[in-house]
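Here's the structure we're looking at; comments come further down.
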Amino acid sequence: MATGRFSDMWAEADASDRAEGSRQATWQVCDTAAYELVEYPPDDALPEETERIEHTRRSVGLCFAQHMLAADAGEQPCSVRRITDALMNESSSQIQEEPSDEGPAEGQARG
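Numbering-wise, the sequence shown is residues -19 to 91 according to this note's numbering.
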């Protein structure tokens, strides 16, 4: 974050999400940043370990969002709370959408 590497991506996602009325693009930036900081679970990881790592990744993504929002002097505290709540909801919905370890259903590609 200190390098500003995600600043342009964050600004584009924020503008897109404001126009769309969602926080999906912003969460994708947070998730991308988190993937660079948290190791993927090994292929032979137990389900509990995979769940713990995924929880950590989502937490890191939300922490990244808080830092990005805090760095934006133009964001009012009420907006920061609203955006943070929306990102928490977006990260929670991702839990339900993640594919199982069994892979995609027949005829479906993993996305």
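Where a beta carbon is used, it is the ideal one built from N, C-alpha and C, also for glycine.
Here's the rule: buried if 16 or more other CB atoms are within 10 angstroms of the residue's CB, otherwise exposed. What is residue i?
| i | result |
| --- | --- |
| E16 | exposed |
| C24 | Residue 24 is actually Asp in this sequence, not Cys. Classification for D24: exposed. |
| A(-1) | exposed |
| L26 | exposed |
| D11 | buried |
| A(-9) | exposed |
| R32 | exposed |
| R38 | buried |
| A51 | exposed |
Assuming residue i and residue j make a contact with CB atoms under 8 Å, what is their CB distance in whole Å?
| i | j | result |
| --- | --- | --- |
| I63 | L49 | 6 Å |
| E55 | Q4 | At roughly 19 Å, the Cβ-Cβ gap does not stay under 8 Å, so E55 and Q4 are not in contact. |
| V97 | V40 | Absent from the structure is residue 97, since the part of the chain shown begins at -19 and ends at 91. |
Does the beta-carbon distance from residue i to residue j come in below 8 Å?
| i | j | result |
| --- | --- | --- |
| F44 | A66 | no |
| E29 | P21 | yes |
On the DSSP letters alone, give me the boundaries of the alpha helix (DSSP H) that residue i sits inside.
| i | result |
| --- | --- |
| F(-14) | F(-14) -> no alpha helix (DSSP H), and no H or E assigned at all. |
| D49 | The sequence shown places Leu at residue 49, not Asp. First-last of the alpha helix (DSSP H) with L49: P27 to A51. |
| D11 | Q4 to L17 |
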